[in-house]
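Below is one structure, written out as structure tokens; comments come after it.
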Amino acid sequence: MPIDWTPLADLIETHDRFLVTTHVRPDGDALGSEVGMAGLLRQKGKNVRVVNSSPTPPRYDFLDPEGTFFEHFQTLSSPESLTECEVAVILDLSAWNQLGEMAGFIREFSGPRVVIDHHVSQDDLGAIFLKDKTAEATGTLILEAVHALGGMLTREVATGLLTAIAMDTGWFRHSNTDAGTLRAAAELIDAGAGIDRIYRLLFERNTLGRLRLIGEALTRLQVEMDGRLAYAAVGLDDLHRTGAIPPDTEDLIDYTVSLRGVELGLLFIEQARGGVKVSFRTRSGVDCAAIAGRFSGGGHRAAAGATIAGTLPEVVDRVLSEVRQALEPSAPGR
Ligand SMILES: [Mn+2]
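Residues 245 to 578, numbered by our numbering, are exactly what the sequence shown covers, in order.
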């Protein structure tokens, strides 16, 4: 359903200072959407700060060539200056826990909050929701906002939005890709986004640590239930041993569902701050958002996640026993 962008237009009309933020462990959609949104707001003459609870993974440094666009909440030199922002624009999330360290600040934030997102809602966040769960990416929604508000697709904005859409569709391969996705991509390429350049920057700058981590995870890939369920677990010690960094696990989950016959793929990643991040992916009829919801997580039908308290072996056991039940009896669409 198309979004009515009037509430955003009204806030732009009546306010000058905007804070833009996104979820923890930001991905291409999160960061690319921020580039698009901040560009639009600045074109409207607004003062914009883009502040995230996680630092920007090196993979996405090309979205911020000067290193000044994305600010990191915990290392701000004057955190109190953030309270000067009048409107909070929250992108690509609909749950308090996805805000990480910034959740407290956003809860206290006295001005209007706007959420622009495509996830199944978990929390109301006390916000104006500009949401389309059928959108392939938040980046697509920002492109709509640019159209609706008469913004310009500069090369910078187009690069951010193409990164956003390409990453949330698995580079135009997943089931959320349709003709409209490719039309949006074509428009962004016409506006100056270099698709080959972006691909090279994202996928052909692997570190040896990242490739070794992928190798280790694949070596330990487990398959059960006649090959319908595949999973792998990555511990903090694996990162240390291989020289990988936490963002290097970003696309690892895709290998689980690349295996023939797999209906549900799981990836368990031990978190430095405690607990385990679990990713759920399907290429069949399994509802990943529903399974993740049983662990206070969420996302989309085909891709979801949850962060669960406990040690790596405990969480693996708990999730597997839940998931085995979800896959019995045989899931449709095999
Ligand atoms: Mn997204």
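Virtual Cβ for every residue (Gly too), placed ideally from N, Cα, C. Source: prediction; values computed, not measured.
1) Relative to the C-alpha of residue 306, which residue among 290, 544, 523 and 275 is closest?
2) Evaluate contact between the stretch 290 to 297 and the stretch 372 to 384, counting only Cβ atoms and requiring at least three cross-stretch pairs below 8 angstroms.
3) Smallest Cα separation from residue 476: which of 541, 413, 491 and 464?
4) May I ask you to report which of helix, strand or coil DSSP gives residue 514?
5) Hey, would you say residue 438 sits closer than 8 angstroms to residue 284, going by beta carbons?
6) Exposed or buried, residue 420, counting other C-beta atoms within 10 Å across all chains shown (16 or more means buried)?
7) Would you give the residue range spanned by the alpha helix (DSSP H) that residue 484 belongs to?
8) Output the distance between the C-alpha atoms of residue 538 and residue 375, rounded to the nearest integer angstrom.
9) According to DSSP, which residues form a beta bridge with residue 375?
10) May I ask you to check if the CB of residue 259 is nearer than 7 angstroms to at least one heavy atom of ligand 1?
11) Can you give me the Cβ contacts of residue 428 inside the same chain, cut-off strictly under 7 angstroms, excluding the 5 residues immediately before and after it?
12) Rounded to the nearest angstrom, what separates residue 278 and residue 269 at their Cα positions?
13) Should residue 422 be listed as close to ligand 1, given that the test is whether its C-beta is under 7 angstroms from any heavy atom?
14) List in chain order the residues whose CB is within less than 6 angstroms of at least one heavy atom of ligand 1.
15) Identify which residue in 456, 346 and 509 has its Cα closest to the Cα of residue 466.
16) Can you tell me whether DSSP reads residue 539 as helix, strand or coil?
17) Mind checking residue 569: buried by the 16 CB within 10 Å criterion, or exposed?
18) Assign residue 320 to one of two classes, buried (16 or more other C-beta atoms within 10 Å of its C-beta) or exposed (fewer than that).
19) Which of helix, strand or coil does DSSP assign to residue 526?
20) When DSSP labels each residue in this structure, what does residue 390 get in the three-state scheme?
21) Alpha carbon to alpha carbon, how far is residue 403 from residue 517?
22) Give me the residue from 329, 287 and 363 with the minimum Cα distance to residue 352.
23) Once you ignore the five residues that flank residue 433 on each side, which residues in its own chain have a CB closer than 8 angstroms to its CB?
24) Roughly how many whole angstroms lie between the Cα atoms of residue 371 and residue 458?
25) Would you list, in sequence order, the uninterrupted alpha helix (DSSP H) runs of no fewer than 4 residues that lie entirely inside the stretch 424 to 457?
26) Straight-line CA distance for residue 247 to residue 542?
On the basis of the supplied data:
1) 275
2) The stretch 372 to 384 and the stretch 290 to 297 do not touch, with fewer than three beta-carbon pairs separated by less than 8 angstroms.
3) 464
4) Three-state DSSP puts residue 514 in a strand.
5) no
6) buried
7) 480 to 486
8) A direct Cα-Cα distance of roughly 23 angstroms separates residue 538 from residue 375.
9) Partner(s): 361.
10) no
11) 384, 387 and 409
12) 14 angstroms
13) Taken from the Cβ of residue 422, every heavy atom of ligand 1 lies 7 angstroms or farther away.
14) 273, 336, 362, 381, 382 and 412
15) 509
16) coil
17) exposed
18) exposed
19) DSSP places residue 526 in strand when its eight states are reduced to three.
20) In the structure shown, residue 390 sits in a helix (DSSP, three-state: H, G or I).
21) Distance from the CA atom of residue 403 to the CA atom of residue 517, rounded to whole angstroms, is 32 angstroms.
22) Out of 329, 287 and 363, 329 has the C-alpha closest to the C-alpha of residue 352.
23) 402, 406 and 439
24) 39 angstroms
25) 439 to 447
26) Within the model, the alpha-carbon separation for residue 247 versus residue 542 is close to 22 angstroms.
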